[in-house]
Amino acid sequence: MAAPALKHDMLAARLDGLTLPEGAGWSVEARTSALSRLNAMGLPGKRDEYWKYTDPATLNQPQAPRAGLFETGEAMPFSGIDRLKIVFVDGVFDAEASDDLAMDGVEIERLSDAMSRDIHWVRDLYGVLETRGQSPVQRPLAAL
-5 MAAPALKHDM
5 LAARLDGLTL
15 PEGAGWSVEA
25 RTSALSRLNA
35 MGLPGKRDEY
45 WKYTDPATLN
55 QPQAPRAGLF
65 ETGEAMPFSG
75 IDRLKIVFVD
85 GVFDAEASDD
95 LAMDGVEIER
105 LSDAMSRDIH
115 WVRDLYGVLE
125 TRGQSPVQRP
135 LAAL
């Protein structure tokens, strides 16, 4: 099988069952544009120059491998500092385990909430860094 065909077969398996989330026009446009770039590039393989020292196979899998908990046994470095605890479980925000997101001088908002509005400050930033990051080297996992 030719390398480009393999890259696109891996991409088809990775994207199978996924759909673009609903949202304001600005977010749909950025996501559709990223998906077009991703379809043109395919997923990276270990023979790609940019990935010659790292095998991206686990990053390309439709289901991410289960990660182990990182326990150092050391004291928390910021335990004496006023901070905000934000908890994600399997990549999903857990409001119950997190602190209240209100903090002086800080604005934290879920992207899904921002995408429900047509006018939002993130509209001018969303997808811009990913687009700029595709040059000079294609970065398909950033587009994903």
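Counting along the sequence shown from 1, when you hit position 132 you're at 126 in this note's numbering, and nothing is skipped either side.
No residue lacks a Cβ here, since even glycine has one placed at the ideal position from N, Cα and C.
Could you tell me which of the options sits nearest to residue i, measuring between CA atoms?
i: Leu63; options: Ser73, Asp84, Gln132, Arg133; result: Asp84
i: Leu53; options: Leu9, Ile80, Gly67; result: Leu9
i: Val100; options: Gly11, Ala91, Arg77; result: Arg77
Consult DSSP for residue i and reduce its assignment to one of helix, strand or coil.
i: Met109; result: coil
i: Met141; result: Because the chain here runs from -5 to 138, residue 141 falls outside it and cannot be looked at.
i: Val140; result: Nothing in the structure corresponds to residue 140, since the chain is present only between -5 and 138.
i: Met70; result: coil
i: Val100; result: strand
i: Val81; result: coil
Please report how far the alpha carbon of residue i lies from the alpha carbon of residue j, in whole angstroms.
i: Ala96; j: Gly17; result: 24 Å
i: Gly74; j: Glu103; result: 25 Å
i: Met4; j: Leu138; result: 13 Å
i: Ser110; j: Leu14; result: 14 Å
i: Glu65; j: Leu32; result: 36 Å
i: Ile113; j: Asp98; result: 24 Å
Apart from the five residues just before and just after residue i, which ones in its own chain have a Cβ nearer than 7 Å to its Cβ?
i: Gly127; result: Arg133, Ala136
i: Trp20; result: Arg117, Tyr120
i: Pro59; result: Thr52
i: Pro(-2); result: Gly36
Leaving out the 5 sequence neighbours to the left and right, which residues in its chain are closer than 8 Å to residue i when beta-carbon positions are compared?
i: Lys1; result: Met35, Gly36, Leu37, Pro38, Gly39
i: Asp88; result: Val81, Phe82
Whether or not the segment 113 to 123 and the segment 19 to 31 are in contact is what I'm after, with contact meaning three or more pairs of Cβ atoms, one per stretch, closer than 8 Å; do they touch?
yes
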